[in-house]
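A.B. asks:
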Amino acid sequence: MLVTEPDQRGYFGAFGGRFVPETLTVALDELQAGFEAVQHDASFQSEFETLLRDYVGRATPLFEAGNLTRRAGGARIFLKREDLNHTGAHKINNALGQVLLAKRLGKSRVIAETGAGQHGVATATAAALLGMPCRVYMGARDVERQRPNVQRMRLLGAEIVAVESGSKTLKDAINEAMRAWITELDDTHYVVGSVVGPHPFPVIVRTFQSVIGRESRRQCLERFERLPDIVAACVGGGSNAMGMFHSFLRDETVQLVGVEAAGSGVESPAHAASVSGGAPGVLHGARSMLLQDRFGQVRATHSISAGLDYPGVGPEHAYLAEIGRVSYAAITDDDAVAAFRLLAECEGIIPALESAHAIAFALQRAADLTSDKIIVVNLSGRGDKDLGILESLS
Amino acid sequence: MSTTETLAAGATRLRAAFEARSGDDACALVTYLMAGYPTLEDSLRHIRTAAASGADVIEIGIPHSDPIADGPLIQEAANVALGNGFELPQLIDALRQEPLTVPYVLMSYINPLLAYGCDEFMADLQATGCCGLIVPDLPLEEALPWAEAARGRGLALVHLVAPTSTDARLRAVMTAGDGFVYAVSVAGITGTRATLPDRIDSYLRRIKTFGDLPVAVGFGISTPTQVAALRPLADGVVVGSRLIRAVRDQENLAEVVADLAAATKGNIP
Chain A
4 MLVTEPDQRG YFGAFGGRFV PETLTVALDE LQAGFEAVQH DASFQSEFET LLRDYVGRAT
64 PLFEAGNLTR RAGGARIFLK REDLNHTGAH KINNALGQVL LAKRLGKSRV IAETGAGQHG
124 VATATAAALL GMPCRVYMGA RDVERQRPNV QRMRLLGAEI VAVESGSKTL KDAINEAMRA
184 WITELDDTHY VVGSVVGPHP FPVIVRTFQS VIGRESRRQC LERFERLPDI VAACVGGGSN
244 AMGMFHSFLR DETVQLVGVE AAGSGVESPA HAASVSGGAP GVLHGARSML LQDRFGQVRA
304 THSISAGLDY PGVGPEHAYL AEIGRVSYAA ITDDDAVAAF RLLAECEGII PALESAHAIA
364 FALQRAADLT SDKIIVVNLS GRGDKDLGIL ESLS
Chain B
262 MSTTETLAAG ATRLRAAFEA RSGDDACALV TYLMAGYPTL EDSLRHIRTA AASGADVIEI
322 GIPHSDPIAD GPLIQEAANV ALGNGFELPQ LIDALRQEPL TVPYVLMSYI NPLLAYGCDE
382 FMADLQATGC CGLIVPDLPL EEALPWAEAA RGRGLALVHL VAPTSTDARL RAVMTAGDGF
442 VYAVSVAGIT GTRATLPDRI DSYLRRIKTF GDLPVAVGFG ISTPTQVAAL RPLADGVVVG
502 SRLIRAVRDQ ENLAEVVADL AAATKGNIP
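The listed protein sequences correspond, in order, to chains A and B. Each residue of the first sequence is one higher than the one before, starting from 4 at the first, in my numbering. Each residue of the second sequence is one higher than the one before, starting from 262 at the first, in my numbering.
1) Which whole-angstrom value is the C-beta distance of leucine 173(A) and alanine 309(A), which I expect to be below 8 Å?
2) Mind checking methionine 4(A): buried by the 16 CB within 10 Å criterion, or exposed?
3) Starting from the Cα of methionine 292(A), find the closest Cα among His305(A), Thr335(A), Gly241(A) and give me that residue.
4) Tell me which same chain residues have a C-beta within less than 7 Å of the C-beta of valine 269(A), skipping the five on either side of it?
5) What is the DSSP secondary structure of glutamine 487(B), reduced to helix, strand or coil?
6) Return the residue from the list Ile207(A), Arg79(A), Ala115(A) that minimises the CA-CA distance to proline 9(A).
7) Does asparagine 372(B) come within less than 8 Å of chain A when only Cβ atoms are used?
8) Would you say glutamine 35(A) reaches chain B, if we count a Cβ-Cβ gap shorter than 8 Å as a contact?
9) Write down every uninterrupted run of the alpha helix (DSSP H) in the stretch 306–387 of chain B whose length is 4 residues or greater and which is fully enclosed by it, in chain order.
10) Pull the bridge partners of glutamine 101(A) from the DSSP assignment, please.
11) Please check if any C-beta of chain A sits within less than 8 Å of the C-beta of aspartate 385(B).
12) Looking at chain B, which residues of the stretch 18–31 of chain A have a Cβ within less than 9 Å of any of its Cβ atoms?
13) Between the beta-carbon of phenylalanine 18(A) and the beta-carbon of tyrosine 322(A), is there less than 8 Å?
14) Taking all protein chains shown into account, decide if glutamate 85(A) is buried (16 or more other Cβ within 10 angstroms of its Cβ) or exposed.
15) Please go through the same chain and pick out, in chain order, the residues whose beta-carbon is closer than 7 Å to the beta-carbon of valine 199(A), but skip the five residues on each side of it.
16) Could you tell me if aspartate 473(B) is buried or exposed, where buried requires 16 or more neighbouring beta carbons within 10 angstroms of its beta carbon?
17) Report buried or exposed for glycine 13(A), applying the criterion of at least 16 other Cβ atoms within 10 angstroms of its Cβ.
18) Please tell me whether leucine 399(B) and alanine 411(B) are closer than 8 Å, where the distance is taken between their beta carbons.
19) Does the distance from the C-beta atom of leucine 281(B) to that of valine 363(B) stay below 8 Å?
20) So if DSSP puts threonine 117(A) in a beta bridge, which residue, or which two residues, is it bridged to?
21) Would glycine 391(A) count as contacting chain B if we go by Cβ distances under 8 Å?
22) Quick test of your reading: isoleucine 307(A) and isoleucine 392(A), contact by CB under 8 Å. State the CB separation rounded to the nearest angstrom.
23) Taking the C-alpha atoms as reference points, what is the distance between leucine 382(A) and arginine 74(A)?
24) Select from the stretch 497–510 of chain B all residues with a C-beta closer than 7 Å to any C-beta belonging to chain A, and list them in chain order.
25) For tyrosine 14(A), would you say it is in contact with chain B, using Cβ-to-Cβ distances shorter than 8 Å as the test?
26) Taking C-alpha atoms, which residue in Ser250(A), His202(A), Asp189(A), Ala180(A) lies nearest to valine 214(A)?
27) Nearest CA to the CA of valine 59(A): which residue from Ile163(A), Gln212(A), Arg229(A), Gly351(A)?
28) Looking at threonine 525(B) and valine 500(B), is the spacing between their C-beta atoms short of 8 Å?
29) Would you check if the distance between the CB atom of arginine 357(B) and the CB atom of glutamine 387(B) is smaller than 8 Å?
30) Please compile the residues from chain A whose C-beta is within a distance smaller than 7 Å of the C-beta of leucine 343(B).
31) Counting only Cβ pairs nearer than 9 Å, list the residues of chain B close to glutamine 295(A).
32) Within 8 Å of any Cβ in chain B, is that where the Cβ of arginine 182(A) sits?
33) Going by DSSP, name the residue or residues bridged to alanine 477(B).
34) Taking C-beta pairs closer than 9 Å, name the residues in chain B that glycine 169(A) reaches, listed in chain order.
35) Would you grab the beta carbon distance between proline 136(A) and arginine 155(A) for me? Rounded to a whole angstrom, and I think it's under 8 Å.
36) Using a Cβ-Cβ distance under 8 Å, would leucine 399(B) count as near chain A?
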């Protein structure tokens, strides 16, 4: 039977939990209690909803990508325009929720990790708005390949720490943010950016992101008087996908598809498809699917998209994959770049390279379906940050 | 060996190692060295050097790609060890072929142990003569199956406590724990620090009110002066990053360990 909430110990089925140093356990208990309290706090919910409407610009539109549909030649493709949110991605939904929560918890500063930089920008933005100092940990390699976002974070007043350890990407940024949090628990909240990490982070992030799926479901019912046939979203850690999927989990007629980064191919060593190509393991405080060698060391990953270049995945995804409620596809760098270019050319929308993976999947699947079918793709972010990467390819 | 002896072996040997040093205001010296750093042969030689230079208990660190409780020195050592091809089964084989005579424990993050397999790991670890294991990312809530599997093989799963631990958690660890308790000195990560944390004395006394397991304090302890200051407060003192630095900088490890060992009796060189 499908479960949509974790158990007392933070498990979705066999995935999740809390594999953290003892120092963190009490802080996680406090966070959980604080989070549960604001769930039933009307003033918190009203403040959050007002910000989502007036500051973020929600609800985001559900746009029929008619030209893309014609190119694919099959099912109708609709885009949930999270790229139109303030700061240009879905990340702001969670960042605002968690910075508001940090204030309720009596914390005076926030820290965050970032991969592509979108979560770092979103957290720096929320911190600027709500008057909190902010420090962002970013892998040194990502600092190089996502320059515009580094500049944005600095303008917003955030301090950037370039993380030089390990693979110098998102995984190592999370390690370093967790280490920093351990030493600064008293006054600091760690704004985790995806549905990863020890309980209760996966459920907190999903809850603040679930507005995506709630709106999409309502928009579909208003527009088509029925639910879509397929809902697709890209998956790195998996926050835009969980935010999109949550409201559809009990709608059995809706196929849910998480799209992972196949890099140079899932058969090659250079990919980041943890569900498709990984095995159960513990990283960043939770048991989930993980790219690792046979000795339990975490493997180097590759994706052209910094936001998907992560060896793990949120534990709820691992659970939904295991029970078969969500299927997971993988899209290569080349196919993602082609979809990126196509969406720009035929719809005038420049997607984030992360979201371009989901677009590429929709193009492939739509071609196999008839025109009475409806595919909704979560266009999780805009692609301005990726222009340098595209330029370096040509 | 009878079943009861098997059940008691690891935990009892660890307790005995601490209790042997508890008279005359002394405490035990626990030295942390990383397996495979910079190579497996080097690390085994360093471990024997530490044992011969006055270490009472040896902690053998298992390199991991993502050591979230460790500071830069141990992170870098792990990178070097993994880069040089460290594999856990090779360490187990080496320890089985040439057993250490000093009581020792392995310190590993949970994922390499999950990959090895809980039951297989405990069986192989027992065959090396090891006394137990410390898993820094396995808090009480997740530890039960591992603690039971360890106990079944006569091994102690050593729990960690931290200054942030509640009384209820301290009580649970002090009553359910095996071997000794590892008291993390600060809310922080491993690495050398110039001074001892504030209120370390009241923290260590608070732990002791919940039971009589030996308490070893670690994280941030690097100098003989710090060791001597902790001597009346703890049953053991763990020194780690300082020794990793000694290996990295090719210092005379025997001297560094001997000076720390002298400090456990109050003699500061």
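Think of the CB as a built atom: it goes at the ideal place given N, C-alpha and C, for glycine as much as any other residue.
C.D. replies: Considering the structure as presented:
1) By one-based count along the first sequence, residue 173(A) stands at place 170. By one-based count along the first sequence, residue 309(A) stands at place 306. Their Cβ separation, rounded to whole angstroms, is 7 Å, which keeps leucine 173(A) and alanine 309(A) in contact under 8 Å.
2) Walking along the first sequence from the start, residue 4(A) turns up at place 1. By the 10 Å Cβ count, methionine 4(A) comes out exposed.
3) The sequence position of residue 292(A) within the first sequence is 289, counting from 1. Nearest of His305(A), Thr335(A), Gly241(A) to methionine 292(A), Cα basis: Gly241(A).
4) By 1-based counting over the first sequence, the position of residue 269(A) is 266. Same-chain partners within the cutoff: Ala276, Ser279, Gly280, Ala333.
5) Taking the second sequence and counting its residues from 1, the one referred to as residue 487(B) is at position 226. The answer is helix: DSSP assigns glutamine 487(B) an H, G or I state.
6) The residue given as residue 9(A) occupies position 6 in the first sequence. Closest by alpha carbon: Ile207(A).
7) Here residue 372(B) is taken as the residue at index 111 of the second sequence, counted from 1. By this cut-off, asparagine 372(B) is an interface position.
8) Taking the first sequence and counting its residues from 1, one reaches residue 35(A) at position 32. Not one chain B Cβ lies under 8 Å of glutamine 35(A).
9) 333–344, 349–358, 371–377
10) For this step, residue 101(A) is matched to residue 98 along the first sequence. Beta-bridge pairing links glutamine 101(A) to no other residue.
11) Within the second sequence, residue 385(B) is the residue found at index 124, counting from 1. So no, aspartate 385(B) is outside the interface.
12) Gly20, Arg21, Phe22, Val23, Pro24, Glu25, Thr26, Leu27, Thr28, Val29, Ala30
13) For the purposes of this step, residue 18(A) is taken as the residue at position 15 of the first sequence. For the purposes of this step, residue 322(A) is taken as the residue at position 319 of the first sequence. Contact flag set, yes.
14) As a first step, residue 85(A) is located in the first sequence; it is residue number 82 there, counting from the start. Buried is the call here.
15) Position 196 of the first sequence, counted from the start, is the residue given in the question as residue 199(A). Closer than 7 Å at the Cβ level, and outside the excluded window around valine 199(A), lie Pro205, Gly240, His287, Ala289, Gly315, Gly317.
16) The residue given as residue 473(B) occupies position 212 in the second sequence. Exposed, since its Cβ has fewer than 16 Cβ neighbours within 10 Å.
17) The residue given as residue 13(A) occupies position 10 in the first sequence. Buried is the call here.
18) Mapped onto the second sequence, residue 399(B) falls at position 138. Mapped onto the second sequence, residue 411(B) falls at position 150. No, the pair does not count as a contact, with Cβ atoms beyond the cut-off.
19) Residue numbering aside, residue 281(B) sits at position 20 when the second sequence is read from its first letter. Residue numbering aside, residue 363(B) sits at position 102 when the second sequence is read from its first letter. Correcting the residue identity first, residue 281(B) is alanine in this sequence and not leucine. No, they are not a contact pair.
20) For this step, residue 117(A) is matched to residue 114 along the first sequence. DSSP output for threonine 117(A) lists Met141(A) as bridge partner(s).
21) One-based indexing of the first sequence puts residue 391(A) at position 388. No, glycine 391(A) does not count as interfacial toward chain B.
22) Counting from 1 along the first sequence, the entry for residue 307(A) is found at position 304. Counting from 1 along the first sequence, the entry for residue 392(A) is found at position 389. Confirmed, about 7 Å.
23) The count along the first sequence starts at 1 and reaches residue 382(A) at position 379. The count along the first sequence starts at 1 and reaches residue 74(A) at position 71. Those two C-alpha atoms are separated by around 18 Å.
24) none
25) Working through the first sequence from its first residue, we reach residue 14(A) at position 11. Output row for tyrosine 14(A): interface = no.
26) Indexing the first sequence from 1 puts residue 214(A) at position 211. Among Ser250(A), His202(A), Asp189(A), Ala180(A), the Cα nearest to that of valine 214(A) is on Ser250(A).
27) By 1-based counting over the first sequence, the position of residue 59(A) is 56. That would be Gln212(A), whose Cα lies nearest to the Cα of valine 59(A).
28) Taking the second sequence and counting its residues from 1, one reaches residue 500(B) at position 239. Taking the second sequence and counting its residues from 1, one reaches residue 525(B) at position 264. No, the pair does not count as a contact, with Cβ atoms beyond the cut-off.
29) Reading the second sequence from its first residue, position 96 is the one you call residue 357(B). Reading the second sequence from its first residue, position 126 is the one you call residue 387(B). No, Cβ-Cβ distance for arginine 357(B) and glutamine 387(B) is not below 8 Å.
30) On the second sequence, position 82 is the one that residue 343(B) refers to. Residues of chain A passing the Cβ test: Gln300.
31) Within the first sequence, residue 295(A) is the residue found at index 292, counting from 1. Those are Ser326, Asn372, Ala376, listed as they occur along chain B.
32) Within the first sequence, the letter at position 179 stands for residue 182(A). By this cut-off, arginine 182(A) is an interface position.
33) Walking along the second sequence from the start, residue 477(B) turns up at place 216. DSSP output for alanine 477(B) lists Tyr443(B), Gly497(B) as bridge partner(s).
34) Counted from its first residue, the first sequence places residue 169(A) at position 166. The contacting residues are Ser326, Asp327, Gln336, Asn340.
35) Stepping through the first sequence from its first residue, residue 136(A) is reached at position 133. Stepping through the first sequence from its first residue, residue 155(A) is reached at position 152. With 8 Å as the limit, proline 136(A) and arginine 155(A) do not qualify as a contact, their Cβ atoms being about 17 Å apart.
36) Here residue 399(B) refers to the residue found at position 138 of the second sequence. Closer than 8 Å to some Cβ of chain A, the Cβ of leucine 399(B) qualifies, so yes.
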